[in-house]
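Residue numbering for the sequence shown follows the numbering used here, beginning at 163 and increasing consecutively. To start, the structure itself, in structure tokens.
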Amino acid sequence: MKTFLYLFLLGLPVNYGGVVLAEPIAAPSATSKSTNPVAKAPVSSESSDSNETRKLLNELNQQKLNYPSALQNIPPSKTQATIQPTAQNVTSISQLSDVRSTDWAFTALQSLVERYGCIAGYPDRSFRGQRSISRYEFAAGVNACLDKINEIISSGLADKVSQEDLAALKKLQEEFAAELATLRGRVDALDAKTAKLESQQFSTTTKLYGQAIFGLQGRFGNTADLNPRDGVKDTRDPAATLTYGYNLQLTLLTQLSDRGYLITGLQSGNLNTGAGFSNAPYFLNDTFTRLGYESDTGNRLSLSDLSYRYRVSDNLALIVGPQGVNPITVFRGPNRYESAGQGAISAFAQRNPILGLGNTQAGLGIDWQISDRASLQAVYSAGNGFDSAANPTGSGGLFNGPSTIGVQLAMIPIDRLDTTLYYLNSYSTNALLGTSVGDNIIGSLGSRLSTNAFGANLSWRASRNLILGTWGGYTTTNVLGAGLSGSVETTNWMVYLNMPNLLSEGDLAGIYVGQPPKITSSTISLNGVPALNLPSAISGTGGIFGAQPASTTHVELFYRFRMSNNISVTPGVLFLFNPVNTSSSDMITVGTLRTTFSF
């Protein structure tokens, strides 16, 4: 769970997996042979006295390095660079500045390698013994062979190691005693530096991450019984055409300390599937058909995130900023495929809509890891932190305008089951819930609203290739203002099936079925007279109390093809039965083709 706390700081998705660094060279079989005079026979045919072997091994271990794996890329020291080769004859290998493939020491070590498999130098399982190496590289090889022989003897197989091999190894260590001592000190120094870097690692360098989403989408034409709800299909959907748009998201990650990150998000887009349909303000706008990757900034870059995330301790992190701080960014989501570019195609299928309550942006959040199986997130978020509280045309700043307060408990009660429970309270000044999906509350007068919302999520990882999930949400809203009274209630739910790696590694198939936010009760009065109730306003019955007459059912199918590490293509289709909660309306069908480039 601490991994999720660290990813909360980064604002980045979780990656599961590993990298194979090198493949070890297997020890040769007992039938392998060597022509070297130091080792004349295979290991399996030799016999030696165990006590004598251990005594000799103890002598060898006195010069043994503790960190042989860190020696692969150590450059020669400055003192070694002053040694110059000469044309004079030498009587000992210690007089040479390097070791060549024709030297006795080299062939002795090569024999040990062939017999014990004590060096895994190259990924292609080759030692490349014909090449010249430096004395430092050679010393590292000697130490590796000593490690291997020590392991064999410690496992009770001392009779498998010949006296000739131990004698050769001892002589090699004597010849390279100076190099082994030098390497020991340099490795110790590297180990100390590595420990320091691991505890204090950070870089003030800003790193760029991003994704570019390109969408081709369209709705099939249909008639709609919308206004009034009289059984006559008299409203035509003019959106039976294809549209094309993009959404570019850039994230600049700056590590200011070993515990804190500054995240700057930029966004640009030109896609709004609800634009241009003002003749059907409820049925054809994008609250029911909004796609998850929509963004319309007029092709201009806009600031989508400016937040600082700081790890106070191993169990507590903070996030604060004037942009991009809200329940969506602070709360942990159990759906591991919640993504505009990689997950479901619609906005409704991304997450429980009540998490977007108020559409707020500026504030403060915390993430507390209570235990390995439980965490708590809390957030206070205002409409727009860039507006001053006294600005009558803005959002009222942090404390004098729209705001949302939320808390979430995330738990793993049993392995492979993720659960979340959350509560939000929202204050709105524009008579809208702000979920951007499904029913709003009332669409006029700019009334103030106070909303309490409750939600829960479940996600069960049945297997590596099958994830079942569901969520539900409920809101109750009190209408505030001169002469206004009453409340409005809404519900929404979703069940989904994700199938990662279905046809190929990195692919994702998804099936989502749910009900977008629907008004189940509306009792608004103006000066004691029922009015402004959305269900009756749509049907033209004078704004009387009531609920929506039917329930919209959302069915979504998609398949994400992973073309490469950075490119995916996702065809999908979305069906809306009983659009705008009207039983006599024709089904809406939306087809999409989303292409995502990640970098």
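We put the beta carbon where it would ideally sit given N, CA and C, even for glycine.
Spatial distance of residue i from residue j (CA atoms)
i              : j                 : result
valine 492     : alanine 540       : 7 Å
asparagine 312 : glutamate 667     : 42 Å
threonine 682  : serine 590        : 20 Å
glutamine 485  : alanine 615       : 23 Å
proline 496    : isoleucine 315    : 50 Å
lysine 355     : arginine 346      : 14 Å
proline 662    : asparagine 627    : 5 Å
threonine 451  : leucine 736       : 8 Å
alanine 374    : valine 752        : 22 Å
threonine 638  : phenylalanine 382 : 35 Å
alanine 351    : glycine 525       : 45 Å
serine 701     : glutamine 710     : 10 Å
arginine 756   : phenylalanine 720 : 10 Å
valine 599     : isoleucine 516    : 9 Å
valine 323     : arginine 277      : 10 Å
glycine 648    : asparagine 640    : 6 Å
glutamine 325  : alanine 343       : 25 Å
alanine 479    : alanine 320       : 54 Å
aspartate 580  : leucine 538       : 14 Å
glycine 705    : glycine 631       : 37 Å
aspartate 534  : aspartate 353     : 30 Å
arginine 623   : isoleucine 673    : 15 Å
asparagine 695 : glycine 407       : 35 Å
tyrosine 298   : glutamate 341     : 6 Å
asparagine 514 : valine 742        : 18 Å
alanine 693    : serine 565        : 26 Å
glycine 643    : serine 612        : 11 Å
asparagine 305 : lysine 369        : 40 Å
Simplified DSSP assignment, three categories, for residue i
i                 : result
arginine 756      : strand
serine 647        : strand
tyrosine 768      : For residue 768 there is no data in the structure shown, the boundaries of the chain being 163 and 761.
glycine 318       : coil
isoleucine 516    : helix
asparagine 312    : helix
glycine 563       : coil
phenylalanine 616 : strand
threonine 526     : First, the residue type needs correcting, since residue 526 is leucine and not threonine in the sequence shown. The answer is strand: DSSP assigns leucine 526 an E or B state.
arginine 626      : coil
leucine 378       : strand
methionine 749    : coil
valine 304        : helix
arginine 610      : strand
valine 349        : helix
glutamine 411     : strand
aspartate 534     : coil
valine 181        : Low per-residue confidence applies at valine 181: pLDDT is 29, beneath 50, and the placement is therefore not dependable enough to give any value.
leucine 571       : strand
aspartate 601     : coil
glutamine 325     : helix
asparagine 587    : strand
Nearest neighbour of residue i, chosen from the options [CA to CA]
i              : options                        : result
leucine 620    : Ile576, Asn592, Asn409         : Ile576
serine 726     : Ile706, Phe759, Thr652, Arg494 : Phe759
threonine 714  : Ser746, Asn695, Gly705, Leu696 : Ser746
threonine 449  : Phe338, Gly596, Lys322         : Gly596
glycine 635    : Ala699, Pro678, Thr368, Ile532 : Pro678
tyrosine 658   : Thr652, Thr613, His716, Tyr298 : His716
aspartate 601  : Thr744, Gln429, Leu664         : Thr744
isoleucine 764 : Asn740, Thr757, Arg756         : Shown here, the chain extends from 163 to 761; a query on residue 764 therefore has no answer.
proline 489    : Gly431, Asn477, Ile528         : Ile528
valine 650     : Gly568, Ile574, Phe707, Asn432 : Phe707
proline 733    : Asp353, Leu670, Val482, Arg421 : Leu670
serine 430     : Arg421, Asp458, Tyr472         : Asp458
asparagine 660 : Ser625, Leu519, Ile603         : Ser625
valine 569     : Arg473, Arg578, Leu519         : Leu519
arginine 505   : Gly460, Val474, Arg724         : Residue 505 is actually glycine in this sequence, not arginine. For glycine 505, the nearest C-alpha among the options comes from Arg724.
isoleucine 629 : Arg578, Val675, Thr685         : Arg578
glycine 427    : Glu456, Val487, Met573         : Val487
Near the ligand NAD: residue i beta-carbon under 7 Å from a heavy atom
i          : result
valine 752 : No copy of the ligand NAD occurs in the structure displayed, which carries no ligand at all.
Task: Complete runs of the beta strand (DSSP E) confined to the segment 659-746 [at least 3 residues] - done: Taking only runs of at least 3 residues, the beta strand (DSSP E) segments lying wholly in the segment 659-746 are 670-684, 715-724, 729-739.
- [ ] Determine, using beta-carbon pairs with one atom in the segment 324-343 and one in the segment 410-429, whether at least three such pairs fall under 8 Å.
- [x] Judged by pairs of C-beta atoms under 8 Å, the segment 324-343 does not touch the segment 410-429, as fewer than three such pairs exist.
TODO: Decide yes or no for the touch test of the segment 498-516 against the segment 461-477: beta carbon pairs closer than 8 Å, at least 3 of them.
DONE: no
Open item on the list: Report the start-end ranges of each beta strand (DSSP E) in the segment 414-498 that is 3 residues or longer and not cut off at the edges.
Closed with: Runs of the beta strand (DSSP E) inside the segment 414-498: 422-433, 464-475, 478-485.
Task: contact_flag[the segment 644-656, the segment 504-522] where n(CB pairs < 8 Å) is 3 or more - done: yes
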